[in-house]
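Sequence lines, in order, name chains A and E. Just so we're aligned: 76 in our numbering is position 31 of the first sequence, and the numbers increase by one with no gaps anywhere. Just so we're aligned: 280 in our numbering is position 37 of the second sequence, and the numbers increase by one with no gaps anywhere. We treat Cβ as the ideally placed atom computed from N, Cα and C, and that holds for glycine. Every value quoted in this text rests on a predicted model; they were computed, and no experiment measured them. Have a look at the structure below, then the notes.
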Amino acid sequence: QKEVEQDPGPLSVPEGAIVSLNCTYSNSAFQYFMWYRQYSRKGPELLMYTYSSGNKEDGRFTAQVDKSSKYISLFIRDSQPSDSATYLCAMSAGGNKLVFGAGTILRVKS
Amino acid sequence: EPEVTQTPSHQVTQMGQEVILRCVPISNHLYFYWYRQILGQKVEFLVSFYNNEISEKSEIFDDQFSVERPDGSNFTLKIRSTKLEDSAMYFCASTLAGGPGEQFFGPGTRLTVL
C-alpha cells in the first residue's frame with residue numbers, strides 16, 4: 046500500500062461548483078497535513094495547514110482531517126477558473142520531511 | 244511578499260557533468276530543503292538543512308548529491324556526476340522553524356540530462 050494515495054483525476058467541474066479533493070494514507074504517525082496548489086511548471090504553493098484531526102476554514106477553502114479513517118479532504122466552494130491547477134496533499138510525522146500525494150488535476154470550466 | 248527564488252530556471256547538461264542548482268531562501272528563514280519532481284511523478288523529499296548541517300535526508304540523496312550554504316543568502320544543491328534519471332524539477336523550500344511547518348517553495352529548476 047502506498048504511503049499517501051491521491052486520485053490523479055483530472056477532475057472537471059463547472060464554475061461555481063463545490064469541489065472535493067481527497068487523500069488517504071497508511072502511516073498512522075502522520076500528524077501534520079497540508080494542501081498545496083501547483084500551477085503548471087511552478088512550485089507548490091501552500092493553501093492549508095492543519096494539525097491532527099478536525100476542520101479548518103480559510104475563505105473558500107475548507108480542510109478536513111479524519112485520523113481515525115486516515116483520510117483528508119479539501120473542499121473548494123464557488124470554484125473559479127483560476128482554481129484550475131494540480132492540488133497536492135502532503136503529510137508529515139513531525140520531522141522535516143513532507144510526503145506528498147501524486148496530485149489531483151482540477152479543471153474549472155467557465 | 245517575500246519569496247524563494249531559484250536559478251537557473253532551466254539547466255541542460257550532459258550525462259556525467261556536475262551541476263549546481265542555486266536557491267535564495269526567504270531572508271529570515273532558518274531551515275532549508277530540496278525536493279525533486281520527476282515528470283508525471285510525486286514531489287519527493289531529498290534533504291533538509293539547518294545550522295550548516297544536513298538534518299535529514301532521503302535514500303535518494305546519495306553520495307552524488309551535496310548541499311551547501313556558501314554565504315548568508317544562497318543555498319545550493321550540487322550533483323557531482325549527473326545521470327539521465329536525475330532529469331527532474333528541483334524545488335528549494337524554506338521555513339522559519341523546523342519540523343513540518345509552512346514550507347515555502349521556490350519556482351523550481353528544470354534539470355535536463357542528455
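Check, Outcome
"Of the residues A:Ala-135, A:Gly-148, A:Leu-119 and A:Gly-88, the one placed nearest Arg-72 of chain A, counting alpha carbons only", "The question names Arg, but residue 72 of chain A is Asn in the sequence shown. Closest option to Asn-72 of chain A, Cα to Cα, is A:Ala-135."
"Cα-Cα separation, Glu-345 of chain E to Phe-308 of chain E", "25 Å"
"Chain A contact residues for Pro-350 of chain E, given Cβ-Cβ distances below 7 Å", "Lys-87 and Gly-88"
"Neighbour-count burial assignment, Asn-141 of chain A, 16 or more Cβ in a 10 Å radius", "buried"
"Cα-Cα separation, Gly-146 of chain A to Leu-133 of chain A", "6 Å"
"Exposure label - Thr-355 of chain E; buried when at least 16 CB within 10 Å", "exposed"
"Contact set between Tyr-276 of chain E and chain A, taken where Cβ atoms lie within less than 9 Å", "Asn-141, Lys-142 and Leu-143"
"Sheet register partners of Ile-322 of chain E (DSSP bridge)", "E:Val-262 and E:Phe-308"
"Given 8 Å, three or more beta-carbon pairs between the segment 295–308 of chain E and the segment 318–335 of chain E", "yes"
"Neighbour list for Tyr-94 of chain A in chain E, Cβ cutoff strictly below 7 Å", "Glu-345"
"Partner residues on chain A for Glu-299 of chain E, Cβ-Cβ distance less than 9 Å", "Gly-140, Asn-141 and Lys-142"
"Proximity below 9 Å, CB of Lys-357 of chain E to CB of Thr-256 of chain E", "Looking at the sequence itself, residue 357 of chain E is Leu, so the reference to Lys does not match. Going by C-beta atoms, Leu-357 of chain E is nearer than 9 Å to Thr-256 of chain E."
"Alpha carbon of Tyr-81 of chain A to alpha carbon of Thr-131 of chain A, nearest angstrom", "8 Å"
"C-beta neighbour in chain A for Gln-307 of chain E, strict 9 Å", "no"
"DSSP state of Ser-337 of chain E mapped onto helix, strand, coil", "strand"
"Beta strand (DSSP E) segment containing Ala-130 of chain A, residue limits", "130–137"
"Enclosing beta strand (DSSP E) for Gln-51 of chain A [first to last residue]", "49–51"
"Simplified DSSP state of Ser-118 of chain A, which is helix, strand or coil", "strand"
"Residues of the segment 310–343 of chain E whose Cβ lies closer than 9 Å to any Cβ of chain A, in chain order", "Met-332, Phe-334, Cys-335, Ala-336, Thr-338, Gly-341, Gly-342 and Pro-343"
"Beta-carbon neighbours of Leu-91 of chain A, restricted to chain E and to distances below 9 Å", "Glu-345, Gln-346, Phe-347 and Phe-348"
"is_contact[Ala-135 of chain A, chain E] using C-beta, thresh 9 Å", "yes"
"Extent of the continuous beta strand (DSSP E) to which Val-110 of chain A belongs", "106–111"
"Closest by C-alpha distance to Gly-148 of chain A, when choosing among A:Gly-88, A:Tyr-77, A:Glu-60 and A:Lys-112", "A:Gly-88"
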